[in-house]
Amino acid sequence: MLSSSEEENGNGNGNGNGNGNGNGNGNGNGNGGSPKMINPVQMEYEAKKRSVLDNMENMMAKLNIGKEVPIIERAIAPGQIGIRVPVRTNAFGIKFTTPTDIYNYQVDVIGQLSPTKEIIFSKLSNKDFLINNRRRKCMSVFERVMSLHPELFEDPNIHWYDGQHLLFSTLNFFDGNDIKKKDFKIPGDQFEDPDLRSFPYILFTIRNEKENKISVRRRDVLEPAMELNLEKRSKAVLQFLEIAVNEYVYRTPEAFYSYEKGKVYLSNAQEYGFTASDTRSVGDGVHLYVGSTKGIQFIEGKGGRGNQEAALVIDSKKAGFHDPVKLHYKVAEIVGHQHFAQNGLSKREIDLASQVCKGLGVKTTYTGRENVHMVSEVSGKNTITAEFKLQNGQITNVRDYFRSKYDIELEFPHMNLMVVRKGATSSFIPMELCEVVSGQRVTISQLTSKQSQATTKNCAMEPSRRLDQMSRMTAAMGVYDQQNPFIVNAGIDPVKDPLIVTGRLLKPPAIVFRDAMAAPDEHSAVHAAVNDGKWKFENPLYRPADIPVWALYGMFKQGEQGADINLVVQFAKMLIEEAGRKGVVIKQPNDCQVSFVTEESCSDEVESYIRNAGQHDCRFVFFITSDDIPAHQHMKFFERKYEVVTQDLRYSTARKIVHDRKVKTLENIFLKTNMKMGGLNYLLSEPPVQYKTGSIDSWMPKHRLILGLTTSHIPVLRNHRGESFTDVPSVMGYAANMRHSVFEFMGGFHYQTRHREECIVISNILEDVIRVYKNTRNGALPTELIIYRAGTSEGSFETILSHEIPLIRGSLAKICGMNGQKITYICVSKSHNVRLFRDTIHSGDRAPQQNIPPGIVIDSQLTHPAFKQFYLNSHITIQGTAATPCYTVLRDDLCLSMDDLIGLSHCLTYAHQIVALSTSTPSPLYISNTYAERGKNLLIEWVARDNEERRMRLKNVEGKVKVSKATGSSSSNSSESGSENGSGNGHFDEQSDEFNGNGHGDSSSSITENGRSSESSPETETETETEPTPRRRPYPQVGRMPQDANGNGKGDGNGASSSSSQSLESIVCEIERRKPITELTAILNYAGTLLENARINA
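In full-length UniProt numbering, the protein residues as written are 1 to 1098.
Shown next, in the form of structure tokens:
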């Protein structure tokens, strides 16, 4: 924050205090005496990045290796395999018309409330309601500054401002002198925006950057794109070009909502020729908005290898937006009625409304000015039950306070209050006084299941519709408008016709099954053909699983129609018959029962079944559960705890299988069962027409390890007090062909520093994988490693090359006891704007016929002119438009040809084993994503259970403490809770004019400084040494309790919950300490290998 004295110090070399225009406006020049305003979001990001890199460098130092120069792999000759086909793209070339010099500046926009209090409008945010609000204000200030100082800015159309921190101009504002910045002070009363008018003045600062001159000439723009050393690459030209094509959008905020990575949505699509069906409602107060995403890319262009072009890549989009309505209207749509206005919401409705509204921006005006808050949750209290103490000691409630303070008579006093946040302050606000801020996209966590399905269905656009929307959006944004001064003055001219490139259609591999006529111990093979990315399982599986002991349980809600033991028994018979058709012998289940449960008792029942199975050496339990009972998360939790493999099937699916004879569905279920229990469904072989170069055997030799890595980011986790954990990790899932067959991919996960794209735990993962590789291959070690990596952006390539790959080399040398392993590292991304289309599209066709077929590859023209890169569309697209992954090779010690890289990647998309379809990415990558999601869900469930136990302990303590209903206060030992009758405790913040209080009101709860409330619920049963209940049919008495590496019992499985303090790190360590329950565990168990050797995570 800049104080008055600091501003004065910054004007030492300036022109005084203004230009004397008489309106109180002024500009001053400074020599940099004041500190540079640094974006706090960027500061936090850089600090975290530096911390991660320091950690990796410390690990590298222990391995006696150093950083590598981040030189990316160079492009080589295109491949030859496949049939050549024309492919239409959404890339539009850019012509460079008039050579132009552009100057780059940094901008700060600050609303000064007082010498010590300010609001930074140019501050970056990841909240939509803040992004649009701040950008609109910044653009208003910028346009006002230009109008007040025409002698400096001349023509408004020769400046390009992103509404945040970046400003480009054809003018050199500093003209080679030593001045570092220019300040412009504008009184707030000169703005039309009522929010800006409430400030005494607004400070607009332009800062000079070192080497801020950019040449927009074809050669000067394109030649730097060929630089392979990523340390030397500059993003300034790309930033300018992207802002130039988007400037018209920034200057008309009333027509567009603009977000990160060039995403733009129309605020009123029907004004631009779209219909009501394009912006239909999907429920819960959400409508679809039409938009697009665009960016500048360097490509080879029509000339192919050795050429460079710049291209504008535009893709159409749709997204769900929250309707800008009164919040109680939205809640009424969420819960399906308006009775809560008189009677309040039920516990279930509170949870549902909180899910949809959490993170939502709402505005209020009862203080006389607009205030924007972020919703934390819906409270169980209303304006009458929420009492608090004023500063004079008087007790009042929210309804009476608003009546006396603001002369507002609340219309719905029994309506639930909202818990909102503004900055670090949490408050109760009456729902009827809140209005949803416009321009907010619906996040994944805010989607209900029903709404998610409706959104996915309506946002999926087949190619013909996508191309039509793309054309309308480019017209709305003025991309090809010759009257658009921001594109004309930038010296560029986007080409109207899309780039048509030459792709190749690859032949799929053949699927290899076991010959039905062969003996069980023979591996006589039979080949099945692949047609359009699909095949049939008409032959015995290649390697059948061994399932000597298993159990089948049904868990249903009381009174569910048709849910009984007869359905479970009938399903068991059909599953055994299906296994027989696939060449797998399965006996009758050793135990088969049905129980009726509620959401509350579900967890205990699941644990009882799985614990009983583990104690009797049953390593596979199959569950059939009611659709709306959350059993799956409990299964995976106890699966890991008791080391019993589980499989879950929804009751609705089981009923269709039994009553409607859904044989194909049953087949898919058993394919998963066979893989879980150590089988192998099929192998891959050469396609009927051989590749011209290479083969599957040469691409996947025994000494070559193929590893997939995927990152999953965990949402905000809170402790039992409702406070956010600050050390929430991300999950790195992995899968590798570490078993006997090169087509068997399995793995696990590790936790690492949050939101980092570098794989910090790569050493741990390699130790896990190579341990198993060595044990299953008679002590052999891999000499080659191919890594497929998802979840990375081009911005992370530099640190992967400089830090992660050297760490991989060092780790391999340490684990294998030798140097020289060759590494090929491939980043696979779907997070780009490129779309591929057939050359001719018939709008009447279904989506699979409109889309490009499986096997289309492009490795020139559309690819980066310097990088070793290709696009591979391996899957069939059932709805919408194909999202084709982009493969970029960062390092290639194996010196693979493009045919080898493409052929290997293509064949691996057919190795998933469970579905009879090719996948969109290679199987090791696809499967690693499953493990990453499993790690995320397991941590969420683990923390929830730890919180539950702690709340119960607190509740027991609080039962011994008398709570004063008159004041709502309690002893210090129970400060987390409010009283059970709903009075709660709280205070009024006179500065924010808002009530800050604690408690939901209908149970033991709290509102902490971050606005989260916590509720107690029935205590979860912990593990005991008691015998199974008598109704369980006994298994052979050969079971044992799970043990850790030291042979000690594992306790109650609640992580750090036995400790008096709650640490997320300790919970993470506890999860990683336990043996993973994956297909690998089952295979090694039934192969007779000791369980301790099967542990992936030591």
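The beta carbon of each residue, even a glycine, is placed where N, CA and C say it ideally should be.
Which listed residue (the options) has its alpha carbon closest to that of residue i
i	options	result
ASP351	PHE153, ILE334 and ASP617	ILE334
PHE92	PRO70, SER427 and TYR480	TYR480
TRP699	ASN90, GLY304 and CYS895	CYS895
GLY533	LEU925, HIS906 and ILE940	HIS906
GLY304	GLU941, SER379 and PHE867	PHE867
ASP839	SER829, ASP845, GLN850 and ARG846	GLN850
ASN531	LYS507, VAL549 and ARG619	LYS507
residue 1105	THR921, SER603 and GLY855	Because the chain spans 1 through 1098 in this model, residue 1105 falls outside it and cannot be assessed.
PRO70	VAL264, VAL372 and ILE805	ILE805
TRP942	ILE657, GLU639, PRO848 and ALA735	GLU639
SER404	HIS414, SER215 and LEU390	LEU390
GLU794	SER829, LEU807 and GLN879	SER829
ALA736	VAL772, HIS713, VAL761 and ARG754	VAL772
HIS875	ASP892, ASP893 and ALA847	ALA847
LYS213	THR170, ALA386 and ALA475	THR170
GLY559	ASN539, GLU370, THR598 and LYS536	THR598
For residue i, the first and last residue of its enclosing alpha helix (DSSP H)
i	result
ILE131	128 to 148
ASP768	762 to 776
PHE637	631 to 642
HIS328	327 to 335
GLU340	According to the sequence provided, residue 340 is Phe. The question's Glu does not apply to it. It spans 340 to 343 - the alpha helix (DSSP H) in which PHE340 sits, taken as one unbroken run.
GLU387	Premise fails: GLU387 lies in the beta strand (DSSP E), 387 to 389, not in any alpha helix (DSSP H).
LYS814	805 to 816
ASP697	696 to 699
CB contact below 8 Å: residue i versus chain C
i	result
SER918	No chain C appears in this structure, which consists of one protein chain only.
Status (buried if at least 16 other CB within 10 Å, exposed otherwise) for residue i
i	result
PRO200	exposed
CYS357	buried
GLY66	exposed
TYR248	buried
HIS703	exposed
ASN250	Going by the sequence as given, residue 250 is Tyr instead of Asn. By the 10 Å Cβ count, TYR250 comes out buried.
LYS210	exposed
ASN132	buried
ASN229	exposed
Three-state class that DSSP yields for residue i in the structure shown
i	result
MET418	strand
THR673	helix
PRO194	helix
CYS827	strand
ALA61	helix
SER258	strand
HIS842	coil
Under 8 Å between C-beta atoms of residue i and residue j
i	j	result
ASP628	VAL594	no
TYR931	GLY678	no
ASN416	LEU288	no
PRO78	SER763	no
GLN469	SER277	no
ALA911	SER923	yes
GLY285	HIS337	no
ILE243	PHE168	yes
ALA386	PHE428	yes
Residue span of the beta strand (DSSP E) that contains residue i, given as start and end
i	result
ILE214	201 to 216
ILE610	Here ILE610 belongs to no beta strand (DSSP E); instead the alpha helix (DSSP H) covers 602 to 615.
ALA319	309 to 322
THR293	286 to 299
HIS750	746 to 752
CYS592	591 to 596
LEU266	263 to 266
GLN869	868 to 873
GLU578	First-last for GLU578: 565 to 581, but that is the alpha helix (DSSP H), not the beta strand (DSSP E).
GLN106	100 to 114
beta-carbon residue i near the ligand COA non-hydrogen atom, thresh 7 Å
i	result
ARG655	The ligand COA is absent from the structure shown, which contains no ligand whatsoever.
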